[in-house]
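In the numbering used here, the protein residues as written are 28 to 154.
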């Protein structure tokens with residue numbers, strides 16, 4: 028059985044955001060990641076994961092309420108870090124979490140809690 032590290036897309040700092048960033052910055056990070064979510068990290072140097080923000084979070088937490096994305100902080104719309112996968116977790120667990128969190132992508136963390144990639148429903152369907 029394969030694990031998340033086998034199917035994840037490696038992450039870059041430009042695809043992450045912090046809780047203090049705006050929803051507009053998160054939307055750009057989501058776009059840059061190409062996967063439908065942006066890991067939310069304490070800072071973009073160490074990449075310690077604190078949560079995740081998805082396209083759905085931006086849509087439902089900003090656009091649906093006719094709020095300005097530049098005035099909404101990520102911390103207001105993000106999901107907790109529990110919506111992520113460990114690098115050594117089985118792919119089936121990633122599928123379960125994607126379904127549970129109604130997400131198309133989730134961050135992958137290493138043993139130290141640093142974000143190292145993302146898994147997507149599309150990528151898992153190929154594996």
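Note that beta-carbon positions come from the ideal geometry of N, C-alpha and C, so glycine has one too.
Report yes if the C-beta distance between residue 64 and residue 89 is below 8 angstroms; otherwise report no. In this structure, the beta-carbon distance from residue 64 to residue 89 does not fall below 8 angstroms.
In DSSP terms, what residue 135 is bridged to: Listed as beta-bridge partners of residue 135 by DSSP are 112, 144.
In the structure shown, what three-state DSSP assignment does residue 65 receive? Here residue 65 carries a strand assignment [DSSP, helix/strand/coil].
Collapsed DSSP secondary structure at residue 44 in the structure displayed: DSSP, read as helix, strand or coil, puts residue 44 in strand.
DSSP on residue 74, reduced to helix/strand/coil? Reduced to three states, the DSSP call for residue 74 is coil.
For residue 79, the residue or residues it bridges with in DSSP: Bridge partners of residue 79: 66, 106.
Output the distance between the C-alpha atoms of residue 44 and residue 123, rounded to the nearest integer angstrom. In this structure, the CA atom of residue 44 is about 25 angstroms from the CA atom of residue 123.
Start and end residues, alpha helix (DSSP H) containing residue 89: DSSP places residue 89 outside any alpha helix (DSSP H), giving it a letter other than H or E.
Counted within 10 angstroms of its Cβ, other Cβ atoms place residue 91 as buried (16 or more) or exposed: Exposed: under 16 other Cβ atoms inside 10 Å.
Nearest to residue 62 by CA position, among 53, 118, 74, is which residue? Among 53, 118, 74, the Cα nearest to that of residue 62 belongs to 53.
Closest residue to residue 50 among 84, 75, 32 (Cα-Cα distance): Of the candidates 84, 75, 32, the one whose C-alpha sits nearest the C-alpha of residue 50 is 84.
Taking the beta carbon of residue 126 as the centre, do at least 16 other beta carbons fall within 10 Å, making it buried, or is it exposed? The residue is exposed, with fewer than 16 neighbouring Cβ atoms inside 10 Å.
With residue 30 as the anchor, note down where its alpha helix (DSSP H) starts and where it stops. For residue 30, no alpha helix (DSSP H) encloses it, and the DSSP letter there is neither H nor E.
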